[in-house]
Structure formats: C-alpha cells, structure tokens
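Here the structure is laid out as structure tokens; the discussion comes afterwards.
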Amino acid sequence: MCYNEVKEIELPKIKDLRGNLTFLEQNHHIPFKIKRVYWIYDVPGGEDRGGHAYKNTSEFIIPLSGGFTVETSRGEKNKNYILSQTNKGLFIPPMTWRKFSNFISNSVCLVISDTDFNDCQYIRDFMQYIRIYNTL
Ligand code: TYD
Numbered sequence: 028m029c030y031n032e033v034k035e036i037e038l039p040k041i042k043d044l045r046g047n048l049t050f051l052e053q054n055h056h057i058p059f060k061i062k063r064v065y066w067i068y069d070v071p072g073g074e075d076r077g078g079h080a081y082k083n084t085s086e087f088i089i090p091l092s093g094g095f096t097v098e099t100s101r102g103e104k105n106k107n108y109i110l111s112q113t114n115k116g117l118f119i120p121p122m123t124w125r126k127f128s129n130f131i132s133n134s135v136c137l138v139i140s141d142t143d144f145n146d147c148q149y150i151r152d153f154m155q156y157i158r159i160y161n162t163l
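No gaps in the numbering here: position 86 of the sequence shown is 113 in the working numbering, and each next residue is one more.
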C-alpha cells in the first residue's frame with residue numbers, strides 16, 4: 028500500500044452497546060510504520076495550528092474528539108477536509124502543505140507520523156514550499 032496523494036481513510040468501527048471501538052495497525056490501515064505520535068488539544072477558538080510542510084514525513088490525522096478542518100495544498104492544488112468522525116482519518120504524504128483550522132472547542136487532533144521530530148524536515152514558508160514542490 029503506497030499513496031502519493033492526500034487520502035481519507037475509514038478505520039474499522041466495532042459497535043457495541045457499551046460504546047464503540049476503533050483501531051489501526053501500521054502498514055495495514057495506514058500506509059507506513061509508526062515512529063511518533065503527538066496530539067494537539069486545548070486550542071483556543073479561532074487559532075490555527077500547522078501551516079507548514081514536511082520534506083520526508085507521512086502523517087495520519089485523526090479527530091479523536093471534536094472536529095477541525097485540515098487545509099491541504101499539493102503544490103498549488105488546494106483541498107480542505109473536515110474531520111469530525113473519530114473512525115475517519117486523513118493520510119498526508121510528504122511535501123504537502125497542511126494547516127489545521129476551525130477547531131471545535133475541546134477537540135483533540137491526533138497526529139501519527141513515520142519520522143522522529145526533526146526541525147530540518149519543516150518547510151515553513153509557503154513560497155519556498157511551492158519552489159521545492161515544482162522541482163519534484
Ligand atoms: P509545530 O510542529 O511547529 O506545531 P505548529 O506548526 O502547530 O506550530 O510544533 C510546535 C513546537 O513543538 C515546536 O517548537 C516543535 C515542538 N515539537 C516537538 O518538540 N516534537 C514534536 O513531535 C512536534 C510535533 C513538535
């Protein structure tokens with residue numbers, strides 16, 4: 028399984044009267060091996076997070092609670108995704124500009140990543156991102 032584009036992925040949902048359960052396995056439900064997990068929470072109303080690209084990192088974004096918008100650009104092709112179902116996530120390949128916005132209060136945004144944190148991976152300037160994207 029290998030994706031070169033942003034892709035919504037629906038995860039299994041085990042329904043139960045005691046509450047639902049969702050899971051994912053690396054290299055099965057998501058197309059990479061997990062190296063790092065972090066989460067964004069307590070986002071004040073109106074604030075955005077992200078707003079950068081990674082050179083060599085793939086990610087899978089899950090709205091563990093609440094909901095938010097993921098604004099993506101692949102080069103100059105833009106697409107927004109509203110994430111609000113906890114069994115549906117968004118795969119984001121490397122060299123994708125992405126920003127998280129419109130957080131509902133008490134949202135938790137889980138980010139699963141295939142690399143360790145490394146500041147050198149970041150492209151934080153959109154024009155620089157476009158220049159690099161156009162050389163690929
Ligand atoms: P950053 O990815 O820049 O978040 P945003 O784009 O939403 O501002 O991360 C914010 C800070 O957290 C930055 O100083 C780097 C640090 N950080 C880590 O130390 N480890 C991590 O895994 C992540 C994602 C961030």
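Beta carbons are placed, not taken as given, at the ideal position from N, Cα and C, and that holds for glycine.
Between which two residues does the alpha helix (DSSP H) containing residue i stretch?
i, result
"isoleucine 157", "153–161"
What residue range does the beta strand (DSSP E) around residue i cover?
i, result
"asparagine 133", "No beta strand (DSSP E) holds asparagine 133; DSSP gives it neither H nor E."
"serine 128", "124–128"
"asparagine 107", "104–110"
"phenylalanine 118", "115–119"
Spatial neighbours of residue i within its chain, please: C-beta separation below 6 Å, excluding the five flanking residues on both sides.
i, result
"serine 100", "Trp124"
"lysine 34", "Phe118"
"isoleucine 139", "Ile61, Val64, Phe87"
"threonine 142", "Lys62, Thr84"
"isoleucine 67", "Arg76, Cys136"
With a threshold of 8 Å on Cβ separation, who are the neighbours of residue i within its own chain once the five nearest residues in sequence on each side are excluded?
i, result
"tyrosine 92", "This sequence places serine at residue 92; tyrosine is not what is there. Counting only Cβ-Cβ distances below 8 Å, and skipping sequence neighbours, we find Thr113, Asn133, Ser134, Val135."
"asparagine 161", "Gly102"
"isoleucine 57", "Ile36, Leu51, Phe87, Gly116, Phe118, Ile139"
Might you give, ordered along the chain, the residues of its own chain that have their beta carbon closer than 7 Å to the beta carbon of residue i, omitting 5 neighbours on each side?
i, result
"phenylalanine 144", "Arg63"
"asparagine 157", "According to the sequence shown, residue 157 is isoleucine rather than asparagine. Only Gly102, Glu103 meet the Cβ criterion."
"arginine 151", "His79"
"cysteine 147", "none"
"proline 121", "Tyr81, Lys82, Asn83, Thr84, Ser85"
Within the 8 Å Cβ cut-off, does residue i reach chain C?
i, result
"aspartate 152", "The question asks about chain C, but that chain is absent: this structure has only one protein chain."
Item checked: Lining residues of the ligand TYD - beta-carbon closer than 5 Å to any non-hydrogen atom, in sequence order -> Those residues that bring their Cβ nearer than 5 Å to a heavy atom of the ligand TYD are Tyr65, Arg76, Gly77, Phe144.
Next item on the list: Let me know the alpha helix (DSSP H) ranges lying completely inside the region 32–62, each 4 residues or longer, listed in chain order.
Entry: Annotation note: the region 32–62 contains no uninterrupted alpha helix (DSSP H) run of length 4 or greater.
Margin query: My parser needs the beta strand (DSSP E) runs of 3 or more residues fully inside the region 56–95; what are they?
Written below: As far as the region 56–95 is concerned, its whole beta strand (DSSP E) runs of at least 3 residues are 63–68, 76–81, 86–92.
Margin query: If contact is defined by three or more beta carbon pairs under 8 Å, each pair taking one atom from either stretch, is the region 73–81 in contact with the region 47–60?
Written below: With a cut-off of 8 Å, the region 73–81 and the region 47–60 do not count as touching, because too few Cβ pairs lie within range.
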